[in-house]
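Quick notes on the structure that follows.
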Amino acid sequence: MNPQPRAPQALPEVGEEEIRPLIDRNLHLEGPLLPMLHDIQAAFGHIPETAVPMLAAALNLGRAEVHGVISFYHDFRKAPAGRHVLKICRAEACQSMGGEAMAERLLAQLGLDWHGTSADGRVTVEPVYCLGLCACAPAVMLDDTLMGRASEARLMAAVEGAEG
Amino acid sequence: MKIYLSMDSAAKALGSEEVAVALSAALEARGETVEVIRVGSRGMVWLEPLLEIDRGQGREAWGPVAPEDVAGILAGEVESLGLTEEIPFFARQTRLTFARCGVIDPLSLPDYEAHGGLAGLRRAATMTGEAIIDEMKTSGLRGRGGAGFPTGIKWDTVRMAHADQKYIVCNADEGDSGTFADRMIMEGDPFCLIEGMAIAGLCTGATKGYVYTRSEYPDAVAVMREAIIRARAAGVLGDDVLGSGRAFDMEVRVGAGAYVCGEETSLLNSLEGKRGVVRAKPPLPALEGFLGKPTVVNNVISLATVPVIFEKGAQHFADFGLGRSRGTIPVQIAGNVKHGGLFETAFGMSLGDLVEDIGGGTASGRPVKAVQIGGPLGAYFGRDKFDTPFGYEEFDGQGGLIGHAGVVVFDDSADMLGMARFAMEFCAVESCGKCTPCRIGAVRGVETLDRIKQGDGAAVELLTDLCETMKDGSLCALGGFTPYPVMSALESFPEEFGLTKEAAE
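These protein sequence lines are chains B and Z, in that order. Counting in the numbering used here, the first sequence runs from 1 upward without gaps. Counting in the numbering used here, the second sequence runs from 165 upward without gaps.
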């Protein structure tokens, strides 16, 4: 995987007071770390570095352990993605319907590689391994919207038509 | 008149929401107030979005429906496909687990009860744990996640264990390509899963359940969560399950994009908030599972099949099937196939019938070259194995596995060396890293397949040897089963690896 070079930009500042309630409201759960991380990422689009020592303290873990969990899962980001995230399925059922070739043509049109974000910060393209839409392949997800029997023309239109 | 429109993720991905908008506009234009009931999917994905109208003579179907078709359908100008239940793909099924899916409003508990729901739980609530185990054993139900372990025996181990807290964990981390049965039932009949988990809880003495599902399934998460709230409000969950005096409650947890978390011990680690690495067994999760407590870990379909076993009786269920594979299996026909979808049938139908007859061959119209059964860790079967009947032992005997019963069809343009390489690449991306054969072996596997592609015939022996090591030395099925797709592609299509058929054997 070759992350697309992208102009370095300052990560948005997130204060402890914004993170605190997202930790506190999950403290009563059994195995609360993933729910906390999901809430934090939903709020800020990534897991801010500030959150790591806070999570470690709240759960009596080492910072390295928290970091280890964050880095294990594909979903959690250390920096925000583009304003839109396009997930293209690369699994076998989608490959059987030409999904891989479609993805490559689309990436070429966008001038991106997998995991890359367009220079204007508008769209990030990521692989996903199965959306459970295997009987209407190839399948993609643009933000929260699923698309079956996708074609690159429909995809480009959707990406260009997405607001923001 | 009642109108039914699917809101399954697959229907949405094919435009059902645009159809819903057109439908309400068209009804308003006609000055009609008709109830539009959003349902799960009937499983005929090639007909989605599927619209059904019941004018008192049963549910007539139209599909796939585009927004511009709606006005004509309402005006009676567009011929229907006939009654949904008479469409051959549907009529030929035996729907036990999926009996309500696509039929009822998924979040209506009264609808659920009117279609046989909760009858199983009511019956189980009057039974002892031991009697429930006997019923489960009589049914012959085996784990639908892929391993095929007898569900009753697993439950009995947890039931017999002594602990202050036990758990029921539903493995809804359906990551295998070609499978969507878990998603469909969670979106289309969530109470069925809740009921199955509650029965498991009553049986084993577990009072808490978790559904661990995928972040890729946001709709299933939302429907399950709402269904749990409604079940709790109705006393199906809580301190006194249906007045039985016994407690069971549950919640949904969402993974974070790691395929390996579908492996039960990784799943438990992930549920505990750890890295989703595999645990060595023993101890079995049944004795030391979630937070070290006795835990039933069952697949969605195993648990969602429990209510019908208790509603209709174990023998009714066991009367379907073949050999040691009892009951029905929801086969998911996917990939390059004309009629893709979910086909629930008794074990025993041949693979060829499923692909050619039920599935109608490829979507591209080209000949079928191979099918992969059981997800990314499943073997590729060429047409020479199409006689294999669908059953755990039968597939095992042919060097494959049924896994979660996904069937992905490929036409003759498939590049089998490429698919073998992908299997290794996928294993490398998704390996949890705990054991060496998987973590390093998958990377070496990609390199070795690249050498073969460049014409290095000597590398085939190396690949075979590597696959042996991965199979024997990996901790879990990810590293241990990745050799299935690789070696089956090599053995069935040796010429694509630069070999003659004899050399491959």
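Cβ atoms here follow ideal geometry from the backbone N, Cα and C, with glycine treated the same way. Owing to the predicted nature of the structure, the values given are computational and were not obtained by experimental measurement.
- Look at the stretch 109–143 of chain B: the residues with a C-beta under 8 Å from a C-beta of chain Z are V128, Y129, C130, L131, G132, L133, C134, A135, C136, A137, A139 and M141.
- P314 (chain Z) is bridged by DSSP to Z:R306.
- Shown here for L627 (chain Z): same chain residues with a beta carbon closer than 8 Å to its own, the five before and five after excluded, namely G609, T612, L613, I616, V650 and L654 in chain order.
- Between the alpha carbons of T197 (chain Z) and L61 (chain B) lies a gap of roughly 58 Å.
- Scanning its chain for C-beta atoms nearer than 6 Å, with the 5 sequence neighbours on each side dropped, one finds around A478 (chain Z) the residues E299, T302 and S303, in chain order.
- Taking a C-beta cut-off of 7 Å against chain Z, the contacting residues of the stretch 53–81 of chain B are G68, V69, F72, Y73, H74, D75 and F76, listed in chain order.
- In the DSSP assignment, W226 (chain Z) is bridged to Z:L215.
- By the beta-carbon neighbour count (other beta carbons within 10 angstroms, threshold 16), D346 (chain Z) is buried.
- As for any alpha helix (DSSP H) of minimum length 4 sitting wholly inside the stretch 414–439 of chain Z, the runs are 428–435, ordered along the chain.
- When 9 Å is used as the limit between beta carbons, P540 (chain Z) is near these residues of chain B: A91, E92, Y129 and C130, in chain order.
- Three or more beta-carbon pairs separated by less than 8 Å link the stretch 542–554 of chain Z to the stretch 515–528 of chain Z, which places the two stretches in contact.
- With contact defined as three or more Cβ pairs closer than 8 Å, the stretch 242–250 of chain Z and the stretch 316–325 of chain Z are not in contact.
- When the Cα atoms are used, A174 (chain Z) and D560 (chain Z) turn out to be separated by approximately 31 Å.
- Where E390 (chain Z) is concerned, there is no enclosing beta strand (DSSP E), although the alpha helix (DSSP H) around it starts and stops at P382 to A397.
- Note: A336 (chain Z) is bridge-paired with Z:T377 in the DSSP secondary-structure output.
- Contacts with chain Z at 9 Å (Cβ-Cβ) include G31 (chain B).
- Its chain contains C89, R90 and A91 as the residues whose beta carbon lies nearer than 8 Å to that of Y129 (chain B), once the 5 sequence neighbours on both sides are disregarded; these appear in chain order.
- Per DSSP, K78 (chain B) is not a residue of any alpha helix (DSSP H), being assigned neither H nor E.
- In the three-state DSSP reduction, D120 (chain B) falls in the coil class, being neither helix nor strand.
- T292 (chain Z) counts as exposed, since fewer than 16 other C-beta atoms from the protein chains shown sit within 10 angstroms of its C-beta.
- Within chain Z, no C-beta atom comes less than 8 Å from the C-beta of M102 (chain B); the nearest is roughly 14 Å away.
- Put simply, the stretch 397–415 of chain Z touches the stretch 360–373 of chain Z. At least three CB pairs are less than 8 Å apart.
- Around the beta carbon of A587 (chain Z), a 10 Å sphere encloses 16 or more other beta carbons of the protein chains shown; the residue is thus reported as buried.
- Restricting attention to alpha helix (DSSP H) runs no shorter than 4 residues, the stretch 34–94 of chain B encloses them at 51–59 and 63–72, ordered along the chain.
- In the structure shown, M513 (chain Z) falls within a coil segment according to DSSP collapsed to helix, strand and coil.
- Between A325 (chain Z) and M634 (chain Z), the alpha-carbon positions lie close to 34 Å from each other.
- At a Cβ-Cβ threshold of 9 Å, A584 (chain Z) and S96 (chain B) do not count as neighbours.
- Counting only residues of its own chain and dropping the five nearest sequence neighbours on each side, G45 (chain B) has a CB closer than 6 Å to the CB of P80.
- Per the Cβ contact rule, the stretch 212–227 of chain Z is not in contact with the stretch 348–360 of chain Z (fewer than 3 Cβ pairs under 8 Å).
- CA-to-CA, the gap between T124 (chain B) and I604 (chain Z) works out to about 29 Å.
- Secondary structure of E250 (chain Z) (DSSP, three-state): helix.
- When CB distances to chain Z are screened at a threshold of 8 Å, the residues of the stretch 146–164 of chain B falling below it are L146, M147, G148 and R149, in chain order.
- Listed as beta-bridge partners of Q496 (chain Z) by DSSP are Z:L506 and Z:G570.
- Cβ proximity to chain B below 7 Å picks out Q536 and P540 from the stretch 531–557 of chain Z.
- Taking a beta-carbon distance threshold of 9 Å, P35 (chain B) counts as an interface residue toward chain Z.
- In this chain, V203 (chain Z) is not harboured by any alpha helix (DSSP H); it is covered by the beta strand (DSSP E) spanning E199 to V203.
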